[in-house]
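Asker: Protein chains in written order, with my numbering: chain A, 24 to 135; chain B, 24 to 135.
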DNA sequence: GAACTAGATAGCCAGATAGCTAAATAGTTG
DNA sequence: CAACTATTTAGCTATCTGGCTATCTAGTTC
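(1) Looking at the C-beta of residue 69(B), does it have a partner C-beta in chain A at a distance below 9 Å?
(2) Three or more C-beta pairs closer than 8 Å, one from the region 105-116 of chain B and one from the region 40-59 of chain B: is that the case here?
(3) Identify the contact partners of residue 66(B) in chain A, using a Cβ-Cβ distance below 9 Å as the criterion.
(4) Give a yes or no on whether the C-beta atoms belonging to residue 84(A) and residue 50(A) are separated by under 9 Å.
(5) Quick one: what does DSSP say residue 107(B) is sitting in, helix, strand or coil?
(6) Can you give the Cα-Cα distance for residue 129(A) and residue 70(A), rounded to whole angstroms?
(7) How big is the Cα-Cα spacing for residue 40(A) and residue 102(B)?
(8) Between residue 65(A) and residue 119(B), what straight-line distance do the alpha-carbon atoms span, to the nearest angstrom?
(9) Between the Cα of residue 38(A) and the Cα atoms of 35(B), 43(B), 79(B), 36(B), which residue gives the shortest distance?
(10) Assuming residue 100(A) contacts residue 91(A) under a Cβ cut-off of 8 Å, what Cβ separation, rounded to an integer in Å, is found between them?
(11) Is it buried or exposed, residue 59(A), if we count other Cβ atoms within 10 angstroms and call 16 or more buried?
(12) Checking contacts by CB at 9 Å: is residue 60(A) closer than that to chain B?
(13) Between residue 48(A) and residue 32(B), what straight-line distance do the alpha-carbon atoms span, to the nearest angstrom?
(14) Starting from residue 91(A), follow its DSSP beta bridges and name the residues at the other end.
(15) For the region 84-101 of chain B, which residues have a beta carbon sitting closer than 9 Å to at least one beta carbon of chain A?
(16) Quick one: residues in its chain with C-beta nearer than 8 Å to the C-beta of residue 88(B), no 5 flanking neighbours on either side, listed in chain order?
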């Protein structure tokens, strides 16, 4: 569990890369839609409201990153989340955002 | 703590933005260097090995995001981490990366 | 096999951004 | 106030990437 200290550039890049995958709203929405179980590309695309080409690319990227898996069946590709830790990450980020928003609201009240 | 489901585009963007801040290796290295306490811009720049202008920009970005704070004193700006949750995020990401690497190694052994 | 459908891929474009150098700002010291 | 120092900001460039359209591939159905 111990990270090298100081963090090596290589390690920093590896961690950053994963954060970059999550740093895109469409991908987060896809992960949210996949929280209920596997879905097809077309299904996800119509729910999000953009082209299947685009969704397919996002899903391929997340599959490369090991976040989702693909199961082919007939004409369809079913994608599912394989690394459920991403939901914990999102939850923690939400917690941070809320805390920061609260702190800023409080400091505004002080200043006023 | 509950996220809206389906995740609204606005919420997705807010979460993604925070991940994007963390999705840059130089910023992660800065956060790592700041783990031991506050440091000056020049200090951080020389440790990382790039221009102070660049480091200053990264720190300003993280300050805007509420991740670090700045304390000015004389000619120096001292930056410190204010949202220590980022360290937990990094730890979790490392855990995921390790798990994925292990799983891939295992599937390679199967295939071989 | 021809027509159809779902998905993947290629190629393009517009916007974002990390890095640099140079210049501006702010604080210190003679 | 002049010289110096730390940091910030401005402006530039190269790269990356998310979106699109068009095309290709693979699987199904008649």
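From the three backbone atoms N, C-alpha and C, an ideal C-beta is built for every residue, glycine too.
Answerer: Considering the structure as presented:
(1) Position 46 of the second chain, counted from the first residue, corresponds to residue 69(B). Not an interface residue.
(2) Yes, since at least three Cβ pairs between the region 105-116 of chain B and the region 40-59 of chain B fall closer than 8 Å, the two stretches touch.
(3) Your numbering for residue 66(B) matches position 43 in the second chain. Among the residues of chain A, none has a CB under 9 Å from the CB of residue 66(B); the nearest is roughly 13 Å distant.
(4) As a position in the first chain, residue 84(A) is number 61, starting the count at 1. As a position in the first chain, residue 50(A) is number 27, starting the count at 1. Using a Cβ distance threshold of 9 Å, residue 84(A) and residue 50(A) count as a contacting pair.
(5) Your numbering for residue 107(B) matches position 84 in the second chain. Residue 107(B) falls in the coil class under three-state DSSP.
(6) Here the question's residue 129(A) lines up with position 106 in the first chain. Here the question's residue 70(A) lines up with position 47 in the first chain. The alpha-carbon atoms of residue 129(A) and residue 70(A) are separated by roughly 38 Å.
(7) Here the question's residue 40(A) lines up with position 17 in the first chain. Here the question's residue 102(B) lines up with position 79 in the second chain. Each residue's alpha carbon lies about 25 Å from the other.
(8) Locating residue 65(A) in the first chain gives position 42, counting from the first residue. Locating residue 119(B) in the second chain gives position 96, counting from the first residue. Straight across, the Cα-Cα distance linking residue 65(A) with residue 119(B) is about 28 Å.
(9) Counting from 1 along the first chain, the entry for residue 38(A) is found at position 15. Relative to the Cα of residue 38(A), the nearest Cα in the group 35(B), 43(B), 79(B), 36(B) belongs to 43(B).
(10) For the purposes of this step, residue 100(A) is taken as residue 77 along the first chain, with counting starting at 1. For the purposes of this step, residue 91(A) is taken as residue 68 along the first chain, with counting starting at 1. Going by Cβ atoms, the distance from residue 100(A) to residue 91(A) rounds to 11 Å, so no, they are not a contact pair.
(11) For the purposes of this step, residue 59(A) is taken as residue 36 along the first chain, with counting starting at 1. Under this definition residue 59(A) is an exposed residue.
(12) Start at 1 with the first residue of the first chain, and residue 60(A) comes out as number 37. It does not: the Cβ of residue 60(A) has no partner Cβ on chain B nearer than 9 Å.
(13) The sequence position of residue 48(A) within the first chain is 25, counting from 1. The sequence position of residue 32(B) within the second chain is 9, counting from 1. Annotation: residue 48(A) to residue 32(B) spans about 7 Å, alpha carbon to alpha carbon.
(14) Counting from 1 along the first chain, the entry for residue 91(A) is found at position 68. Per DSSP, 104(A).
(15) Flagged, chain order: 88, 89, 90.
(16) Within the second chain, numbered from 1, the residue matching residue 88(B) stands at position 65. Excluding sequence neighbours, residue 88(B) sits near 40, 41, 44.
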